[in-house]
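Undergrad: Okay, so the sequence shown: first residue is 36 according to my numbering, each after it adds one. Each residue gets a CB set at the ideal place from its N, CA and C atoms; glycine is no exception. Predicted model, so just to flag it, every value in this text is computed and none were measured.
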Amino acid sequence: MAERMKQVAKLNVELTAEERNLLSVGYKNAIGARRASWRIMSSIELKEESKGNEQNVKQIKDYRQKIEEELTKMCDDILAIIDQHLIPYSSGVESKVFYAKMKGDYYRYLAEFKNDEVKKEAADQSLKGYQASSDQAKAELPPTHPIRLGLALNYSVFYYEILNSPEKACHLAKQAFDEAIAELDSLSEESYKDSTLIMQLLRDNLTLWTSELPEDGGDGVKTDQPKAEAEPEAESETQKDK
36 MAERMKQVAK LNVELTAEER NLLSVGYKNA IGARRASWRI MSSIELKEES
86 KGNEQNVKQI KDYRQKIEEE LTKMCDDILA IIDQHLIPYS SGVESKVFYA
136 KMKGDYYRYL AEFKNDEVKK EAADQSLKGY QASSDQAKAE LPPTHPIRLG
186 LALNYSVFYY EILNSPEKAC HLAKQAFDEA IAELDSLSEE SYKDSTLIMQ
236 LLRDNLTLWT SELPEDGGDG VKTDQPKAEA EPEAESETQK DK
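1) Would you identify the three-state DSSP class for residue 49, choosing helix, strand or coil?
2) Terminal residues of the continuous alpha helix (DSSP H) containing residue 231?
3) Could you tell me the distance, in whole angstroms, from the CA atom of residue 151 to the CA atom of residue 220?
4) Per DSSP, what kind of secondary structure is residue 175 in: helix, strand or coil?
5) Residue 75 to residue 143, Cα distance in whole Å?
6) If we count Cβ pairs, one from each stretch, closer than 8 Å, do we get three or more for the region 79 to 99 versus the region 149 to 164?
7) So the alpha helix (DSSP H) residue 185 belongs to, where does it begin and stop?
8) When you compare only the Cα positions, how much space is there between residue 123 and residue 63?
9) On the premise that residue 132 lies in contact with residue 191, defined as a C-beta separation below 8 Å, what is that separation, rounded to the nearest angstrom?
10) What are the boundary residues of the alpha helix (DSSP H) that includes residue 206?
11) Locate the alpha helix (DSSP H) running through residue 97, then write down its first and last residues.
12) Could you round the C-beta distance between residue 241 and residue 208 to whole angstroms and report it? I think they count as a contact, below 8 Å.
13) From this set, 188, 148, 37, which residue's C-alpha is nearest residue 101's C-alpha?
14) Can you find the residues in the same chain that come closer than 8 Å, C-beta to C-beta, to residue 251, ignoring five residues on each side of it along the sequence?
15) Roughly how many angstroms lie between the CA atoms of residue 232 and residue 90, to the nearest whole one?
16) Quick one: Cα of residue 155 to Cα of residue 51, how far?
17) On the CB-based measure, 16 or more other CB atoms within 10 Å of its CB, does residue 127 come out buried or exposed?
18) Measure the alpha-carbon distance for residue 129 versus residue 87 and round it to whole angstroms.
19) Which residues share a DSSP beta bridge with residue 264?
20) Keeping to the same chain, check which residues put their C-beta closer than 7 Å to that of residue 134; ignore five residues upstream and five downstream.
Dropping the structure here:
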C-alpha cells in the first residue's frame, strides 16, 4: 500500500483526508514492523554480548544494521515526499498540521536508532516538525480534534523516549487530555470514536509515566515498555503513539 500511495502523493495535488490516512498507514505499517524487529534484535544483541557469544553478536549486529538501512531508506523516502510533493500543495489546516506531524514522527523514528550527531540532527528536526504542527493545531483546531490529539500523543512520546524528559512528556499529555475533556460535550459524532480512543491512549501513557517519576527527590526508573502512539485517522501505536 505504501508504494501505491507514494505514486498518488507524487501527483502534486492536495490529498483528501482518506488519501492522507492511506499514505500514513501504509508507511507506518511497513516501518512499524521494522521498528519492532530492530528493538527485538537490539535486546538480543545486548544479551548475547553479556554472555560473551561473539559469533552470535556479529550475526545479530549484521542483521540489525540491515534493518537500520531499510528504516533509513523508508524514512528518508517519506520525508522527501512530504517536503516535495505534499506540503507545497496543501492549503487546508488539517493537511498542514498532519504533514508537519508526520515529519516529527519520521525524524523521531530515525532518532530511535541513529547515533551521535546524526541522532541529534534527527531529534532536532523531529522537534521542529512537532512544534510547527503544534503551533498551528493549537491556533486553528479544537482540543478534541483527532489530529490535534494524535499530535499531542506522539509529541509527548518524543519527549519521553528521545529527549528523556518524562516531566515534559507528562505535561504535554495531561494538558491535551484536560483540554479535550473540557470540551468533550462539543465533540461531533463523526470524531467521537477517534478522539476518545486517543484520549484513552494519552491517559494510558500518563498512568505509566507518572508511576516512573521520582518521589521525594529519588531517582525515577524509566521502563522499556512500549508507549502508545497515534495511528491515522486517530492517526494511534503502542508508549502509545499513533
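TA: Reading from the atomic positions:
1) coil
2) Its alpha helix (DSSP H) spans residues 224 to 245.
3) Taking the straight line joining both Cα atoms gives about 47 Å.
4) Helix at residue 175.
5) 18 Å
6) Contact fails: fewer than three Cβ-Cβ distances are below 8 Å.
7) Looking at the DSSP string, the run of the alpha helix (DSSP H) that includes residue 185 is 181 to 196.
8) 22 Å
9) No, residue 191 and residue 132 are not in contact; Cβ-Cβ is about 16 Å, not under 8 Å.
10) 201 to 217
11) Unbroken alpha helix (DSSP H) run through residue 97: 89 to 116.
12) 5 Å
13) Measuring from the Cα of residue 101, the nearest candidate turns out to be 148.
14) Reliability of the predicted coordinates at residue 251 is poor, the pLDDT of 48 falling under 50, and no value is obtained from them.
15) So the two alpha carbons sit approximately 45 Å from each other.
16) The alpha-carbon atoms of residue 155 and residue 51 are separated by roughly 34 Å.
17) Classification for residue 127: exposed.
18) The C-alpha of residue 129 lies about 52 Å from the C-alpha of residue 87.
19) 276
20) 117, 121, 122, 125
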